[in-house]
Amino acid sequence: MAMLADQPTLLVLALPFLAAFLSPLAVRLFAYRAVWLLALFPFAIFLHLAGHAGAVANGEVFTGGISWIPTLGVSLSWRMDGLSLVFGMLISGIGTLIILYSGGYLKGHAALGRFLAFMFLFMGSMLGLVMADNFYALLVLWEMTSVTSFLLIGFDHNRQASRRAAIQALVVTGGGGLMLIAAMIVIQGITGVSELSLLLATGDTLRESPYYVVAFILVLGGAFTKSAQFPLHFWLPNAMEAPTPVSAYLHSATMVKAGVYLLMRMNPVMGETVLWETVLPLFGIATLLAGSLLAIRQTDLKLKLAYTTVASLGLLVMLTGFGGEKAIEAAVYYLVAHSLFKGTLFMVAGTIDHEAGTRDIRKLSGLRAAMPLTFAAALLAALSMGGLPPLFGFLAKEEIYYALAKPGAWAIALTILAIVGNALMLVIGFAVALKPFLGKSRDELHHAHEGPVLLIAGPLVLSVLGLVLALASGFANRILVSPMASSVAGEAVTAVAGVIPHIGLPLALSGLTVLVGIAIYMRLDNARLTMAKLLWRIGWGPDKGFDQAIAGLVRFSVAVTRFIHNGRLETYVTVVFVALAATLLGALAGFGEMPRMPALPGLTFYEWGILAIALAGLMAVIWADNRLTAIVSLGIQGFAVALIFMLFGAPDLSFTQFMVETLSVVILALVMTRLTLHKSDHRPMSQRLVDAAIALTCAAGFGLLLLSVTQLPFNSELSDFFAENSRVIAHGRNIVNVIIVDFRGLDTLGEIAVVMVTGLAILALIRIRHQPHTDEVEDLELTGELPGELKGGRNSAEAVQ
Amino acid sequence: MNTVIFRTVAPYLTSLMVLFSIFVLLRGHNEPGGGFIGGLIAASAFAIYGIACGVQPVRRAMYFHPMALAGFGLFIAALSGFPSVFERVPYLTGLWVFPMIGNVELALSTPMLFDIGVYFVVVGAITSIALALEERETS
Chain A
1 MAMLADQPTL LVLALPFLAA FLSPLAVRLF AYRAVWLLAL FPFAIFLHLA GHAGAVANGE
61 VFTGGISWIP TLGVSLSWRM DGLSLVFGML ISGIGTLIIL YSGGYLKGHA ALGRFLAFMF
121 LFMGSMLGLV MADNFYALLV LWEMTSVTSF LLIGFDHNRQ ASRRAAIQAL VVTGGGGLML
181 IAAMIVIQGI TGVSELSLLL ATGDTLRESP YYVVAFILVL GGAFTKSAQF PLHFWLPNAM
241 EAPTPVSAYL HSATMVKAGV YLLMRMNPVM GETVLWETVL PLFGIATLLA GSLLAIRQTD
301 LKLKLAYTTV ASLGLLVMLT GFGGEKAIEA AVYYLVAHSL FKGTLFMVAG TIDHEAGTRD
361 IRKLSGLRAA MPLTFAAALL AALSMGGLPP LFGFLAKEEI YYALAKPGAW AIALTILAIV
421 GNALMLVIGF AVALKPFLGK SRDELHHAHE GPVLLIAGPL VLSVLGLVLA LASGFANRIL
481 VSPMASSVAG EAVTAVAGVI PHIGLPLALS GLTVLVGIAI YMRLDNARLT MAKLLWRIGW
541 GPDKGFDQAI AGLVRFSVAV TRFIHNGRLE TYVTVVFVAL AATLLGALAG FGEMPRMPAL
601 PGLTFYEWGI LAIALAGLMA VIWADNRLTA IVSLGIQGFA VALIFMLFGA PDLSFTQFMV
661 ETLSVVILAL VMTRLTLHKS DHRPMSQRLV DAAIALTCAA GFGLLLLSVT QLPFNSELSD
721 FFAENSRVIA HGRNIVNVII VDFRGLDTLG EIAVVMVTGL AILALIRIRH QPHTDEVEDL
781 ELTGELPGEL KGGRNSAEAV Q
Chain B
802 MNTVIFRTVA PYLTSLMVLF SIFVLLRGHN EPGGGFIGGL IAASAFAIYG IACGVQPVRR
862 AMYFHPMALA GFGLFIAALS GFPSVFERVP YLTGLWVFPM IGNVELALST PMLFDIGVYF
922 VVVGAITSIA LALEERETS
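Chains A and B, in that order, give the protein sequences.
Residue numbers for the first sequence follow the numbering used here, so the first one is 1 and each next one is one higher.
Residue numbers for the second sequence follow the numbering used here, so the first one is 802 and each next one is one higher.
See the structure below:
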């Protein structure tokens, strides 16, 4: 890793997080106008990235970063090559427009500040995801895009549909994220590197490994969930519950392409195998067809677009896996074109919804006079989506057919299916762009008028860009397409497509697509009804399957819980302690680690006194009539132990022990007073004897374990290190505290996270009111555990002293 | 436990204990103390106040939900690791500054920030459990 070659980039990549922090404040000060200010952040990022475009086009690769947790191979490193740069420019450039659009769309919304903060968090995560060089950085940012997507889909959290869609998206993409974690671990295991830059230099290592199939399946699991490949596509249309800027940004232009990004990134080291070139096109073409057919039956503008996004992602996956330079070029063209036209169309749908009050295609018509600019943007985008010259989509379509038009049954089948899918997408594009605007204007839509500049700027800029990039195809090819295609192919590729049609097979296929599309468009209403009827007849889809799977999981866990947690506290405690005693004694006896009988230490009279107090406390626990008395008596023993700690030179531990004992008694007493238990103990004598035997066995186990630990030779290496360095390195004389907050800070961070989560869990249990018996039992267990957890954390730190 | 004496003394006792907990927190780096212990002291202070005067006054006095305090603590503890990025050292490496105010040298550091985070997590998590338990007892 070229260290610190270009440090400003790292700060630039952190900018969205700063913006996220500032947005609520800015919105409070300037209301929706704050977006003019906030949009400068992504714009600055865009300029910074664009500044590198020329050098990257000449084949340079910028890397940099800082080591983060070097012992685990984790670093904050980034890599800027053609692939990540084009993605980064799309994310920041479209991001700028989307932030402006959000201001217009959610003008006056009470939570606009929070919305923008989520958007910026997403933007930062997504930018980081495509720029990340280190596997772990990539994984964390990948998961962060899932989480921010969850927050944004569920933005309107008062509606049940939003919450369901948010959870569904999180479960599907989060599950994929877990597979990706496994994938990265497998890949690191095979190649021994944890940086993409190094991975790309490993050549055929991955392809020739016997674990290639495992890595392949896991990478696909990550990519296919994120990029909504059939049959995991269902979360994406449901995600349309989010406000339109989110749909335009996350769920069409950027986040859903993360899966495609991953496949493209892995292509040089995992691609060009039979498996890769069979599985990817299969899933891709299935997704393309499913998406475009399902889009036909929708009447909601956003849902129609969402299904075509699914279809487009299928097309991209198919092209990425098809193999060959041309297919990769086609994927790159289409990816750029899709981001531009789909972003536009979503924003147009949002503007129509905002100004006309409905997104139902059956209720919209004749808006062209009222909204001429929006219409212009929509028309340009639809032409690009349909692949007509002179727009960027045309270049993409030419390249697609150029790549697919090969001899062989496989290529011919894919070509035919691709024509069907593309024709259907053309139909949807025109349905969305033309239907609401053409025809006669309706009375109920009379109040509709052109949106304000914030709503118009985004779609206009993006759609015009689709035109400009196509006209200046030489520039686009040199700066965008060739560098990105070279990164994906792993070798230098020069893209040459232009708007001037070349007579040949690709053009003929393009023409055929348009003709098929127009034919379907003429019968759109019939097609919609046919599809609706067909789907109704099938009556089941993955979306319903998701609900069934979740319901099944809940039933299963309820059954398991019923079986294990039968609600009898005595059983739980018995099982736990018997298991504990068996483990302790079994291990000691089995490995021949039984301690020698130690010599009786010479204790002073006050030390004997403390022991006597502890014993007295225990006796009081055993003979107490009343449970509350027993709990308080238990505290006596705890205090005695704290005194012993104090006498033997562990003031910190003693201090903590006092506090923990006090709080345990208070909390246990609080729990006890509310349990519907008898005030005293009514166990029969036989039961008492059995319990006493278990308790004594356990105690013997612990005692023997501690004895054998103290009889091991003491290794003072760590203690010496801490004693020597605590003052010098960490400026602290209290070694215990220095260990906790400095030397082993990461451990402590984990521990306090556990404390927090445990607290939340207990709070949730206390709040379950309708089943007082079962949950109180669990309260008791958990509250009994929490101070132990704290104590455990302290003890482990103390032990090294 | 609702004696007049207890109820009268509790607010003063609580204030003193919270003050003491902050003292213990800040001296922790050199003397016995620190975020864990300080947090436990403060949590018991709030528990005492709750037992004496009821849960509502405690919630009013704390102003924020205790769980929010815990979340804030976790946040600043995690955040305290980030300044190390700018020094190009690994995450959570302790950084120190020693500004002079008058002729007194002040020791400020990221571990201190971290310890304050620990303090808030402990206070928040335990207080919210204790208060929730006390609350349902009275209702």
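A virtual CB, placed ideally from N, CA and C, is assigned to each residue, including glycine.
With contacts defined by Cβ atoms closer than 7 Å, A/Gly366 and A/Ser441 form a contacting pair. Taking 8 Å as the upper bound for CB-CB distance, A/Arg297 and A/Arg528 are in contact here, some 5 Å apart. Sequence-ordered contacts of the segment 600–630 of chain A with chain B are nonexistent [C-beta pairs closer than 9 Å]. For chain B, none of the residues of the segment 119–145 of chain A brings a beta carbon within less than 7 Å of one of its beta carbons. With respect to chain B, the C-beta atom of A/Phe46 has no partner C-beta closer than 7 Å.
Residues of chain B with a Cβ closer than 7 Å to the Cβ of A/Trp68 are, in chain order, Pro891 and Tyr892. Across the segment 864–888 of chain B, CB contacts with chain A closer than 8 Å involve Met868, Ala871, Gly872, Gly874, Leu875, Ala878, Ala879, Gly882 and Val886, in sequence order along the chain. Residues of the segment 351–370 of chain A with a C-beta less than 9 Å from any C-beta of chain B: none at all. Looking from the CA of A/Leu391, the closest CA among A/Ala470, A/Ile456, A/Ser162 and A/Tyr261 belongs to A/Ala470. Closest by C-alpha distance to A/Met264, out of A/Leu112, A/Met318, A/Tyr212 and A/Leu232, is A/Met318.
Nearest to A/Thr173 by C-alpha distance, out of A/Val481, A/Phe722, A/Ala223 and A/Leu675, is A/Ala223. A/Leu49 is positioned such that its CB atom lies no closer than 7 Å to that of A/Gly95. Counting C-beta atoms within 10 angstroms of its own C-beta, A/Glu399 has 16 or more neighbours from the protein chains shown and is therefore classed as buried. Using beta-carbon distances, B/Val919 counts as an interface residue toward chain A, with a partner under 7 Å.
Using a 10 angstroms sphere on the CB of A/Gln229, the tally of other CB atoms reaches 16 or more, which defines it as buried.
Within the segment 743–763 of chain A, the residues whose Cβ lies closer than 8 Å to any Cβ of chain B are, in chain order, Gly745, Leu746, Thr748, Leu749, Ile752, Ala753, Val755, Met756, Thr758, Gly759, Leu760, Ile762 and Leu763.
For the pair B/Trp897 and A/His731, the CB atoms are nearer than the 7 Å cut-off. Judged by beta-carbon spacing, A/Ala485 lies beyond the 7 Å limit of A/Ala497, meaning their Cβ atoms are not closer than that value. Using a Cβ distance threshold of 7 Å, A/Asn737 and B/Gly840 do not count as a contacting pair. In the displayed model, A/Glu272 falls within coil according to three-state DSSP, outside both helix and strand. Interface residue (Cβ-Cβ distance to chain A less than 7 Å): B/Pro900 is not classified as such.
Measuring C-alpha to C-alpha distances from A/Ile735 to each of B/Gly835, B/Thr809, B/Thr804 and B/Phe821 identifies B/Gly835 as the nearest. Non-local C-beta neighbours of A/Val741 in its own chain, meaning closer than 8 Å and more than five positions away in sequence, comprise Thr748, ordered along the chain. Restricting attention to alpha helix (DSSP H) runs no shorter than 4 residues, the segment 582–667 of chain A encloses them at 605–623 and 627–647, ordered along the chain. Sorting A/Gly701, A/Leu37, A/Leu670 and A/Tyr136 by C-alpha distance to the C-alpha of A/Gly590 places A/Gly701 at the top. Put simply, the CB of B/Ser845 is near chain A, with a gap under 7 Å to one of its CB atoms.
Of the candidates A/Thr561, A/Asp691, A/Leu232 and A/Met144, A/Leu232 places its Cα closest to the Cα of A/Gly541. About 5 Å separates the beta carbons of A/Ser125 and A/Thr145, which is inside the 8 Å limit, making them a contact pair. Annotation: A/Ile768 is outside any beta strand (DSSP E) and is labelled neither H nor E by DSSP.
Chain-ordered, the chain A residues with CB closer than 7 Å to the CB of B/Gly895 read Ala730 and Asp742. Between B/Ala879 and B/Gly925, the C-beta spacing is not below 7 Å.
Taking a cut-off of 8 Å for Cβ pairs, the segment 151–167 of chain A and the segment 180–195 of chain A do not touch, as fewer than three such pairs fall below it. Under the three-state reduction of DSSP, A/Trp142 is assigned to helix. Taking 7 Å as the Cβ-Cβ cut-off, the segment 649–679 of chain A approaches chain B at Pro651, Asp652, Phe655, Thr656, Met659, Val660, Thr662, Leu663, Val666, Ile667, Leu670, Val671, Thr673 and Arg674, given in chain order. Within chain A, the C-beta atoms nearer than 7 Å to that of B/Asn831 come from Gly732, Arg733 and Asn734, in chain order. With the rule of 3 Cβ pairs closer than 8 Å, the segment 249–269 of chain A counts as touching the segment 208–226 of chain A.
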